[in-house]
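Report on the following structure.
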Amino acid sequence: MAGLLRVGCSGWDYAHWRARFHAAGVPRTRWLEGYATRFDTVELNNSFYRLPAPETFANWAARVPPGFVFAVKASRYLTHIKRLRDPDEPIHRLLAHAEHLGPALGPLLYQLPPRWMPDLHRLERFVAALPTWSPGLDVPRVGPLVHVIEFRHEHGVTDEVLELLRAHRVGVCLHDMPGGPTGAAARAVTSDTLYLRFHGATQKYAGRYGDAVLDGWADFLRPHLDAGRRVFAYFNNDIDAQAPEDAVRLRERLIAG
């Protein structure tokens with residue numbers, strides 16, 4: 025496997041994971057440390073609702089081992105309220121906070137609203153505003169910033185959109201949320217980074233993924249890893265602590281080859 029593989033969950037601080045995932049007796053303030061002994065990446069979703077302070081990002085980075093990566097979800101202010109209009113200031117603010125993760129900063133995810141498809145001109149202005157570097161980061165250690173867009177509209181991933189994203193090396197999030205892209209668009213690749221979100225096998229945020237489903241994804245991802253691409257996969261089916269179990273199952277399939 026020549027590429028980079030990171031598989032984890034969309035968060036760690038779920039009260040209903042107590043005892044089912046987090047060790048009994050471990051205080052909630054130490055759950056991140058426990059999570060980081062079993063996974064090497066996590067997706068931050070709370071940044072979608074309220075951007076954490078720079079000190080919070082720095083604190084998280086200090087609590088995980090070297091090589092651990094945080095994917096950061098951009099604020100809904102940019103994606104759902106502004107709907108990608110005037111992106112410069114929200115993007116700058118996001119990076120001014122998230123760059124305090126230092127080398128632990130991973131992909132930046134922009135989840136678009138369901139039932140909304142941006143026109144190509146607005147999308148073009150948005151991706152053109154996405155920076156390759158952030159001034160506060162140690163560039164040699166972190167590398168170029170990775171940007172990924174999650175389209176929730178069934179027809180959001182068109183040939184024109186794919187061409188635009190490839191030109192700017194912006195990734196498409198592959199996901200299984202009902203109402204999203206289907207067919208070839210559901211597995212489109214536009215950069216050297218593949219980003220996947222598993223939102224639930226039987227309903228939103230719930231259900232165990234079957235062996236056949238995970239086998240299929242492993243078969244799809246393996247050639248990309250062999251070609252040297254990076255794969256970030258996050259399980260968001262947090263109900264009943266199913267996410268960490270399924271994340272381990274997918275990771276084992278990919279490591280085994």
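Under our numbering, the letters of the sequence shown match residues 25 to 281, in that order. A virtual CB, placed ideally from N, CA and C, is assigned to each residue, including glycine.
Comparing alpha-carbon positions, the option among 32, 128, 40, 119 lying closest to residue 75 turns out to be 119.
Under the three-pair Cβ rule at 8 angstroms, the segment 55 to 64 does not count as touching the segment 95 to 107. Residue pairing of residue 118 in beta bridges, as defined by DSSP: absent, with no partner found.
Cα atoms of residue 36 and residue 55: separation of roughly 7 angstroms, rounded to the nearest angstrom. The beta carbon of residue 160 sits closer than 8 angstroms to the beta carbons of 119, 120, 123, 124 from its chain, once the five residues preceding and following it are set aside; these are given in chain order. In the three-state DSSP reduction, residue 259 falls in the strand class (E or B). In this structure, residue 137 places its C-beta atom within 8 angstroms of the C-beta atom of residue 103.
Residue 70 has its alpha-carbon roughly 15 angstroms from the corresponding atom of residue 131. Just measuring C-alpha positions, the residue of 230, 108, 141, 270 sitting nearest residue 32 is 270. Rounded to the nearest angstrom, the gap between the Cα atoms of residue 48 and residue 275 is 25 angstroms.
For residue 167, the three-state secondary structure derived from DSSP is coil. Looking at the backbone, the Cα of residue 114 and that of residue 67 are separated by about 19 angstroms.
Taking C-alpha positions only, residue 133 is separated from residue 258 by approximately 12 angstroms.
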